[in-house]
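First comes the structure, then the notes that go with it.
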Amino acid sequence: MSLHAIQTEIMAMEKKRRLYSMAGIVLVAAVLISGYGMANDLNSGGFLTGMKQFFDYPAEIVKEAWATGFSFFPLMGRFVPALVETLNIAGAASIVGGALAVVLAFLGSANLGVKPPVVVTIVRRIMDIMRAFPELIIALFLIFILGSSPVPAMIAVAIHTAGALGKLFSEVNENADADPVEGLASCGATWLQRMRYGVLPQVLPNYLSYFMLRFEINVRASAILGFVGAGGIGMELRRTIGWGKGAGDETAALFVLLILSIFVIDQLSSFIRRRLVTGRDSE
Amino acid sequence: MKITDLTKTFGKITAVDAVSFSIDQPQMIGVIGPSGAGKSTLLRMINRLTDATRGSIRINDRDILQLSGREKRRWQRDCAMIFQQFNLVPRLNVVTNVLMGRLNGHSTLKSLFCIFGRHLVDEALAALDRLGIADQALQRAETLSGGQQQRVAIARALMQQPKMVLADEPIASLDPLSAEKVMTALREIRDRDNLTVLCNLHTLDTARTYCDRVIGMLQGCIVFDDVPSKLTPSVVRDIYGAEQELNESMTSTSISGPVFTPEPLRIRKAALA
Amino acid sequence: MTSSTLAIQPPEPITGSTAVFFRVRRESLMIMAGTGLTVLYLLYTFISFDLWHLISRSQPQRAVMLATDAVAHKVHVTKNIRGAGGLSIAVEGERTATYETPPGWVTVSDDMSRVDLGRGYQVDIYDTHVVFQIPDIGPVHVRITDAGIETTLPRGVDPPDWLRATPAKFDARPTIGRRVQVSKARIEVHRYFMGWENFFFPFRSELAGYSPGQLFSLAFSDHRLDPDMANWRLMATTFWNNPGWQHKQVFVALLETFLMAVLGTITAALVGLPLAVLAAANFTPAQALRFAVRRLFDFLRGIDMLIWSLIFIRAFGLGPLTGALAIAFTDTGSLGKLFSEALEGVNRKQMEGVHATGANRLQFYRFGVIPQIIPVFVSQTLYYLEANVRSATIIGALGAGGIGLMLVEAMNTQRHWENVFYLILLTISLVMVMDTVSGKLRSRLIHGRSGT
Ligand SMILES: Nc1ncnc2c1ncn2[C@@H]1O[C@H](COP(=O)(O)OP(=O)(O)OP(=O)(O)O)[C@@H](O)[C@H]1O
Ligand SMILES: [Mg+2]
Chain A
1 MSLHAIQTEI MAMEKKRRLY SMAGIVLVAA VLISGYGMAN DLNSGGFLTG MKQFFDYPAE
61 IVKEAWATGF SFFPLMGRFV PALVETLNIA GAASIVGGAL AVVLAFLGSA NLGVKPPVVV
121 TIVRRIMDIM RAFPELIIAL FLIFILGSSP VPAMIAVAIH TAGALGKLFS EVNENADADP
181 VEGLASCGAT WLQRMRYGVL PQVLPNYLSY FMLRFEINVR ASAILGFVGA GGIGMELRRT
241 IGWGKGAGDE TAALFVLLIL SIFVIDQLSS FIRRRLVTGR DSE
Chain B
284 MKITDLTKTF GKITAVDAVS FSIDQPQMIG VIGPSGAGKS TLLRMINRLT DATRGSIRIN
344 DRDILQLSGR EKRRWQRDCA MIFQQFNLVP RLNVVTNVLM GRLNGHSTLK SLFCIFGRHL
404 VDEALAALDR LGIADQALQR AETLSGGQQQ RVAIARALMQ QPKMVLADEP IASLDPLSAE
464 KVMTALREIR DRDNLTVLCN LHTLDTARTY CDRVIGMLQG CIVFDDVPSK LTPSVVRDIY
524 GAEQELNESM TSTSISGPVF TPEPLRIRKA ALA
Chain C
557 MTSSTLAIQP PEPITGSTAV FFRVRRESLM IMAGTGLTVL YLLYTFISFD LWHLISRSQP
617 QRAVMLATDA VAHKVHVTKN IRGAGGLSIA VEGERTATYE TPPGWVTVSD DMSRVDLGRG
677 YQVDIYDTHV VFQIPDIGPV HVRITDAGIE TTLPRGVDPP DWLRATPAKF DARPTIGRRV
737 QVSKARIEVH RYFMGWENFF FPFRSELAGY SPGQLFSLAF SDHRLDPDMA NWRLMATTFW
797 NNPGWQHKQV FVALLETFLM AVLGTITAAL VGLPLAVLAA ANFTPAQALR FAVRRLFDFL
857 RGIDMLIWSL IFIRAFGLGP LTGALAIAFT DTGSLGKLFS EALEGVNRKQ MEGVHATGAN
917 RLQFYRFGVI PQIIPVFVSQ TLYYLEANVR SATIIGALGA GGIGLMLVEA MNTQRHWENV
977 FYLILLTISL VMVMDTVSGK LRSRLIHGRS GT
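Now the structure itself:
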């Protein structure tokens, strides 16, 4: 092929690529414009009226909270048990889901010598399904059978966690070094022992890092599921908001509690993750 | 131990081709041969890391290749293996790595929680002491030098209380000084513990210095099996091809010889690959 | 071992085998302590969640109910004792779905009606007397007297556990699909049929009762059922406006949820990217600006989608715009943070190379920066899109509308479980389709571009 031909080909490719990018941008713009138009039509309150009253509600809450003065803090204290319940939902769901994820991840990794190799495919499909199931549906279904309680939310979040973490964990597993595992196999170690000593020490820091990230996501999910009847801070919020005017101080207290705890967990989790990552790099 | 007709094929490639030999008394055997000759595959089949396609390995009328499950793992413990890349667990400390040699027979629950009794720890320390690295017992394995890591691997092998030891190019990635320490340690297993040591090597003078018997392999077949003194230049040429005309001492591991340079070795390997 | 993954301990001189043993023992003790604490914590949460009480209070029959109703429907044959004594036959007991002429399995005569439940099960309804014919057992007589309900089993038959007979009520359900209930007020027989009733056309529609083959030929026939429109259009409108299944409303709800997720995510990505440039240390030298933008990201993320949703629902009411804005606000923070981290990680050499060619500022971004961050941008945006389809169902349930709200409402009415099941199926399909499409797009865009 002559130099000229190569040049034309590159030009043509570049042109095509640019065309694709342009088409993509036009498509996104069209989706945005028509989508917002459609959304505005479907919405019960329009955008412009909404913008005008956007600050009304926060202002109302803040005003009511301000009026309570110093007794706002005891008010916040009153909701701490609800916050603890939400954190417990997230904590238990993360632990149960995370433990399940570890099992699924080991069975769903192609490089660990899981005995009939079909198991790997099946387990991967199971994880996909667990990940895809919306938490809301599982929670509502279980609330319907078990009644209003934190347990449905816990189970719903745990199922999603098992699927999501399982996939990430198995990706970590598949990048693990096989040499230590082979070394243990040559000593006559069982499969479980090989996983425990050959794989787990390698992957544990990554697991913990993903786990912390997931815990943070789960706190948010547990709070929001509370609103549909799963207890905790979300349930309290539904109660105070349902009362309409007058409970603004309580709503404000709940908002502040939730924001504070999410902030603390966010900072804590990124601190731990940074330490895990740098701990690995410095070796 | 009697190996008969041992064969391994990977698709169209026959890595080990109807190999037969026997080991009647404890001895140190060096297996030599060009890259791709099937040395590693042979050792891995004996340790049952790789399943053989055909053949048998008999010890006291028991065919090792027919073992499975618990018995197979028990055999793997009896025939310890040492690897070129050490295959330690880098994140665990040295004692724990040595303790891994006793995972076989350790209960699942105890293994999960990393519980090892006093006598096991003492035994592991003794093994490390014998190899001169007891001081590093609490260091993480990955922080050790290559030579030290290989000695940890040998300590782990000793911990297995093996009936024989296999070593797959144990000194290929070590400097001459470490290599000598490792070879001496292996030789000592032969002399002191009176065990058979089957060791893949690619430096002839190492084989000559340390081994009682040398097996030469070429394209999966055994082409030489005798005492090292019978390893004449013409035999060597048969095994390695003409490239061995390169000064043999250049691939030497002995410190007294010319300065060790790994380059010629790599060229040879590459040329044959 | 858990402890040693956090930091590397410096090599310590050992004083003897005892010291080594204690170190080994300490690690195993720490692992056991960690496991033990975790188990204890789980125990504590389960106790605080009142798990045992919950299990005893649970209503597993509701799951069975949902499961049967999800795949089957029942026809009620009802006779009121007081008032007009006529027999009414209706799908799910709905007045709007009452048969005018009894179906083949019910025969009505002057003094008695016979309901054939199939496979030998049969119910004869007299004025105040019911005879339930059950295979292997024989006829069970139920009489409504002033004293109450009198049940007579055939001689020598013990009452089976699926039959409850008290003076107040007789209730027998020998199989899942057959049930007879008698109280002083009425006699009710249920017969279940597989499938969803009237899924395509409402019971009263002239299209109900045709077989698929008949419908197909009808669609293209010139003989119009409705003189105003062609048959296929009649079918489409009848289907679309089916009051029981509400296909139109369900479609709109799905569209709303979809819109919330797509609009919210795209908006967040497009707003987040320029802000991310302002938050990245290697692009924005002004530290104060960087700090401000980063705190803005923290603020948006920290408020959390729950609170944003509640605020937006108040201001904008029910609808997809509300959900989209709630998602956009939260994820501008999350995506902005991710993008700024990606920007800080871009390869300096490539940027400098473009700089060296004398490119202007726009070209510098176009060729030096964008090719490097496009993969992160696209893949993270698509990941968030997937997650946001799930989030949009939840925001909907909080009151923003869409399929989430519809589902909550359908569950709260505690009827029409087939509708609930249908909505669940649709929601899961929406999520899975979005997951698949986004996964395909992700690998396409990223691998397709990796060469450039
Ligand atoms: N897992 C495998 N799959 C396919 N082919 C393999 C596998 N393992 C080894 N082989 C092939 O078998 C042949 C023998 O390999 P082997 O590793 O035993 O050689 P070797 O003598 O140990 O060489 P070297 O000195 O390079 O280690 C080679 O041709 C190799 O490509
Ligand atoms: Mg080899």
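Order-wise, the sequence lines are chains A, B and C.
Residue numbers for the first sequence follow the working numbering, so the first one is 1 and each next one is one higher.
Residue numbers for the second sequence follow the working numbering, so the first one is 284 and each next one is one higher.
Residue numbers for the third sequence follow the working numbering, so the first one is 557 and each next one is one higher.
C-beta atoms are modelled at their ideal positions from N, C-alpha and C, and glycine is treated no differently.
Do residue i and residue j have their C-beta atoms closer together than 8 angstroms?
{"i": "VAL945/C", "j": "THR888/C", "result": "no"}
{"i": "MET990/C", "j": "LEU941/C", "result": "yes"}
{"i": "PHE814/C", "j": "LEU986/C", "result": "yes"}
{"i": "ALA407/B", "j": "VAL372/B", "result": "no"}
{"i": "ALA417/B", "j": "VAL435/B", "result": "no"}
{"i": "LEU237/A", "j": "LEU386/B", "result": "no"}
{"i": "ALA646/C", "j": "HIS632/C", "result": "yes"}
{"i": "GLY166/A", "j": "MET127/A", "result": "yes"}
{"i": "ILE145/A", "j": "ARG613/C", "result": "no"}
{"i": "ILE89/A", "j": "ALA153/A", "result": "yes"}
{"i": "LEU192/A", "j": "THR391/B", "result": "yes"}
{"i": "ASN483/B", "j": "LYS322/B", "result": "yes"}
If we ignore side chains and look at the alpha-carbon of each, how far apart do residue i and residue j end up?
{"i": "CYS187/A", "j": "LEU421/B", "result": "21 angstroms"}
{"i": "MET988/C", "j": "MET791/C", "result": "29 angstroms"}
{"i": "TYR766/C", "j": "GLY37/A", "result": "40 angstroms"}
{"i": "ALA724/C", "j": "ASP717/C", "result": "18 angstroms"}
{"i": "LEU254/A", "j": "GLY901/C", "result": "38 angstroms"}
{"i": "SER269/A", "j": "PHE263/A", "result": "10 angstroms"}
{"i": "TYR20/A", "j": "GLY820/C", "result": "24 angstroms"}
{"i": "GLY524/B", "j": "HIS485/B", "result": "14 angstroms"}
Quick one: does the C-beta of residue i sit closer than 7 angstroms to a heavy atom of ligand 1?
{"i": "THR324/B", "result": "yes"}
{"i": "GLY321/B", "result": "yes"}
{"i": "ILE365/B", "result": "no"}
{"i": "HIS485/B", "result": "yes"}
{"i": "SER318/B", "result": "yes"}
{"i": "ILE600/B", "result": "Chain B is shown from 284 up to 556; residue 600/B falls before or after that span and cannot be answered."}
{"i": "PHE293/B", "result": "yes"}
In its own chain, which residues sit with a C-beta less than 7 angstroms from the C-beta of residue i, not counting the 5 before and 5 after it?
{"i": "GLU974/C", "result": "ASP625, ALA626, HIS629 and TRP752"}
{"i": "HIS803/C", "result": "PHE795 and TRP796"}
{"i": "ARG439/B", "result": "ASN380, VAL381, MET383 and GLY384"}
Where does residue i land, buried or exposed, given buried means 16+ other C-beta within 10 angstroms?
{"i": "SER149/A", "result": "buried"}
{"i": "GLY960/C", "result": "buried"}
{"i": "TRP358/B", "result": "buried"}
{"i": "HIS402/B", "result": "exposed"}
{"i": "HIS160/A", "result": "buried"}
{"i": "GLU283/A", "result": "Interpretation of GLU283/A is limited by its pLDDT of 32, a score under 50 that renders its predicted location unreliable; the figure taken from the coordinates is listed afterwards. Burial call: exposed."}
{"i": "PRO768/C", "result": "exposed"}
{"i": "ILE10/A", "result": "exposed"}
{"i": "ARG271/B", "result": "Lying outside 284 to 556, the shown extent of chain B, residue 271/B is not represented and no answer is given."}
{"i": "ALA589/C", "result": "exposed"}
Check whether the Cβ of residue i sits closer than 7 angstroms to any heavy atom of ligand 2, and report yes or no.
{"i": "ASP508/B", "result": "no"}
{"i": "GLU452/B", "result": "yes"}
Excluding the 5 residues preceding and the 5 following residue i in the sequence, name in chain order all residues of the same chain whose CB lies nearer than 8 angstroms to its CB.
{"i": "PHE920/C", "result": "MET907, VAL910 and HIS911"}
{"i": "SER947/C", "result": "ALA817, MET861 and ILE883"}
Please list the partners that residue i has in chain D, where partner means a Cβ-to-Cβ separation under 8 angstroms.
{"i": "GLN919/C", "result": "Note that chain D does not occur in the displayed structure, where the protein chains are A, B and C."}
Closer than 6 angstroms by C-beta to residue i: which residues in its own chain qualify, once you throw out the five before and the five after it? Chain order, please.
{"i": "LEU831/C", "result": "VAL849 and GLY892"}
{"i": "SER890/C", "result": "ARG857"}
{"i": "PHE756/C", "result": "PHE795"}
{"i": "ALA301/B", "result": "ASP288 and THR290"}
{"i": "VAL199/A", "result": "ALA176"}
With a threshold of 7 angstroms, establish whether the CB of residue i neighbours any heavy atom of ligand 4.
{"i": "ARG275/A", "result": "Ligand 4 is absent from the structure shown, which contains only ligand 1 and ligand 2."}
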